[in-house]
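Heads up: the structure comes next, in structure tokens.
Number of protein chains: 2
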Amino acid sequence: EILVAVRSSLRKATDLAGRRIIVTAGPTVESIDPVRFISNHSSGLQGYAIASALAARGADVRLVSGPVSLSTPPSVQRINVRTAEEMKAACLEQLPADAAICVAAVSDWRPESVSNRKMKKTADGPPTLMLRENPDILATLSQMAERPTLVVGFAAETDDLRKHAEQKRRRKGCDWLLANDVSKHRFGGHRNQVLFLTETGTEDWPEMNKSALAERLSEQIVAFFQKQG
Amino acid sequence: EILVAVRSSLRKATDLAGRRIIVTAGPTVESIDPVRFISNHSSGLQGYAIASALAARGADVRLVSGPVSLSTPPSVQRINVRTAEEMKAACLEQLPADAAICVAAVSDWRPESVSNRKMKKTADGPPTLMLRENPDILATLSQMAERPTLVVGFAAETDDLRKHAEQKRRRKGCDWLLANDVSKHRFGGHRNQVLFLTETGTEDWPEMNKSALAERLSEQIVAFFQKQG
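Quick mapping for you: the protein sequence lines, in order, are chains A and B.
So the first sequence is numbered by this note's numbering: it starts at 44 and just counts up by one.
So the second sequence is numbered by this note's numbering: it starts at 44 and just counts up by one.
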């Protein structure tokens with residue numbers, strides 16, 4: 044019995060050996076001026092749990108991370124970034140890769156222009172913040188020539204979860220999408236509940252710890268590459 | 044000699060006994076929608092160091108804190124807030140107070156309207172973010188009838204430090220202002236360098252650890268209340 048457990052554990056440790064997997068995690072931060080910024084809520088917990096689970100299976104994990112207060116999981120190579128532009132560039136530098144798991148909460152928009160000086164309060168009242176679109180990292184990785192074999196996205200939605208998630212998976216061109224209703228689960232918590240969408244169907248995963256969700260996703264990734272051969 | 048040290052330490056522990064001091068720290072976070080927000084860079088380190096130093100001198104410290112990843116210093120009563128409006132309300136609830144030390148990096152502006160649903164990317168391009176002015180907590184505390192005897196502000200500037208700081212101290216109506224050039228010191232670092240401005244003059248404090256700066260400011264506060272009698 045012990046032998047079986049050891050064998051299983053050793054097998055698990057090499058399940059993804061030789062596979063390079065990019066994982067993005069955390070928020071991006073888009074400067075307005077030297078003291079102000081726009082960002083998204085994201086603790087980085089889910090992305091770091093996934094990076095950790097994949098590395099435990101022997102994958103060569105490249106964790107492209109926005110600013111979070113988490114330590115780097117064992118055997119994971121971490122690349123720190125701040126903005127969506129930096130995150131995209133860092134991801135492209137890690138190619139070619141077997142898989143990309145885009146967990147980061149990337150700012151869809153950034154200020155049109157960034158002030159080098161702290162903007163002063165004036166009698167004219169508050170400024171109007173003109174925004175411009177940031178690069179779509181998930182769509183870029185999904186649609187490029189050098190596309191990783193497997194591209195997985197995460198989507199935070201507040202309403203019409205299934206509909207928005209299905210549309211988003213098709214629009215982005217990713218293989219799988221894990222969508223969660225952020226109006227139900229507070230940011231920074233340790234539990235998560237997702238819809239798991241693929242081209243062929245949708246699974247309603249039960250609520251679980253973020254590390255359990257990372258394990259379950261890792262198993263799916265192992266199965267995917269085993270089928271690929 | 045030991046006796047002298049013990050006496051000095053005991054005296055220090057009661058220097059500010061019976062004084063209620065409000066300290067604000069950390070950033071404020073202003074929601075755009077359930078996933079996006081505007082904020083300021085602030086680790087909370089300086090404010091927490093000051094709260095800690097004042098509590099060590101026996102003050103009844105009320106630490107009104109934006110979201111930071113720091114633990115509450117011993118003997119400090121912490122009130123967690125998110126927005127500038129919440130921070131102002133929490134400060135006013137702590138009145139009457141002997142002193143208020145406003146270290147928080149409060150957002151000067153917040154979105155004019157907050158969306159209850161996650162704003163979707165549309166073909167129309169990015170939205171324009173209309174901003175409105177937030178309450179000025181430092182000016183409010185400085186100018187109100189129930190004003191704490193001593194009101195101290197912090198100012199982060201990127202240019203013309205002395206000029207902007209002198210104007211700001213007068214405009215806000217606070218007693219002292221500690222101004223630092225944030226183009227020189229990175230946010231989240233453990234060192235700080237400030238100009239210390241009072242009604243009667245300006246001192247150029249050398250660069251030091253944030254805890255040393257907290258000690259030095261505490262000594263000034265002790266001296267202030269000793270003079271008051």
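Ideal Cβ positions, reconstructed from N, Cα and C, are used throughout, including at glycine.
Quick caveat, the model's predicted, so the values are computed rather than measured.
Beta-carbon proximity list for residue i, same chain, < 6 Å, skipping 5 on both sides
i: K131 (chain B); result: P178, I180
i: T192 (chain B); result: D141
i: R8 (chain A); result: Chain A is shown only over 44 to 272; residue 8 (chain A) falls outside these bounds and no answer can be derived.
i: H84 (chain A); result: F230
i: I65 (chain A); result: R105, C134, Q137, A140, A143
Beta-carbon spacing of residue i, residue j below 8 Å
i: D76 (chain B); j: R153 (chain B); result: no
i: L240 (chain A); j: W219 (chain A); result: yes
i: E200 (chain B); j: A222 (chain B); result: yes
i: C217 (chain A); j: S261 (chain A); result: no
i: V72 (chain B); j: G109 (chain B); result: yes
i: L30 (chain B); j: F268 (chain B); result: Lying outside 44 to 272, the shown extent of chain B, residue 30 (chain B) is not represented and no answer is given.
i: V265 (chain B); j: W248 (chain B); result: no
i: A148 (chain A); j: V157 (chain B); result: no
i: L174 (chain B); j: L174 (chain A); result: no
i: K164 (chain A); j: D151 (chain B); result: yes
i: F80 (chain A); j: S114 (chain B); result: no
i: R234 (chain B); j: E246 (chain B); result: no
i: A182 (chain A); j: K206 (chain A); result: no
i: V195 (chain A); j: C145 (chain A); result: yes
Exposure of residue i, with buried meaning 16 or more beta-carbon neighbours within 10 Å
i: R46 (chain B); result: With the sequence shown as reference, residue 46 (chain B) is identified as Leu, and Arg is not the correct amino acid for it. Counting Cβ neighbours within 10 Å, L46 (chain B) comes out exposed, since fewer than 16 surround it.
i: A143 (chain B); result: buried
i: Q137 (chain A); result: buried
i: P169 (chain B); result: buried
i: T67 (chain A); result: buried
i: S112 (chain B); result: exposed
i: A208 (chain B); result: buried
i: K227 (chain B); result: exposed
i: P70 (chain A); result: buried
i: L37 (chain B); result: Past the edges of chain B, shown from 44 to 272, lies residue 37 (chain B), and the structure says nothing about it.
i: T41 (chain B); result: Residue 41 (chain B) is absent from the model: chain B starts at 44 and stops at 272.
i: A166 (chain A); result: exposed
i: S86 (chain A); result: buried
i: A198 (chain B); result: buried
i: A188 (chain A); result: exposed
Own chain residues within Cβ distance below 8 Å of residue i, not counting five before or after
i: S95 (chain A); result: P116, P117, V119, S254, A257
i: R190 (chain B); result: L184
Own chain, CB closer than 7 Å to residue i, minus 5 neighbours either side, in chain order
i: A133 (chain A); result: V107, I122, V124
i: E155 (chain B); result: M173, L174, R175
i: K55 (chain B); result: R100
i: N252 (chain A); result: H233, R234
Near the ligand HEM: residue i beta-carbon under 7 Å from a heavy atom
i: K211 (chain A); result: The ligand content of the structure shown is nil, which means the ligand HEM is not present either.
Exercise. Three or more beta-carbon pairs under 8 Å between the segment 83-103 of chain B and the segment 113-132 of chain B, yes or no?
Worked result: With a cut-off of 8 Å, the segment 113-132 of chain B and the segment 83-103 of chain B count as touching, because enough Cβ pairs lie within range.
Problem set entry | Runs of alpha helix (DSSP H) wholly within the segment 155-225 of chain B (minimum 4 residues, chain order) | Look at the segment 155-225 of chain B and you find these whole runs of alpha helix (DSSP H), each 4 residues long or longer: 180-186, 204-215.
Exercise. Is the number of C-beta pairs between the segment 85-97 of chain B and the segment 252-264 of chain B that are closer than 8 Å three or more?
Worked result: Touching, yes, given that three or more Cβ pairs across the two stretches are closer than 8 Å.
Problem set entry | Every unbroken beta strand (DSSP E) inside the segment 66-139 of chain A [3 residues or more] | DSSP assignment within the segment 66-139 of chain A yields the following whole beta strand (DSSP E) runs of 3 residues or more, N-terminal first: 72-74, 79-83, 103-108, 120-123.
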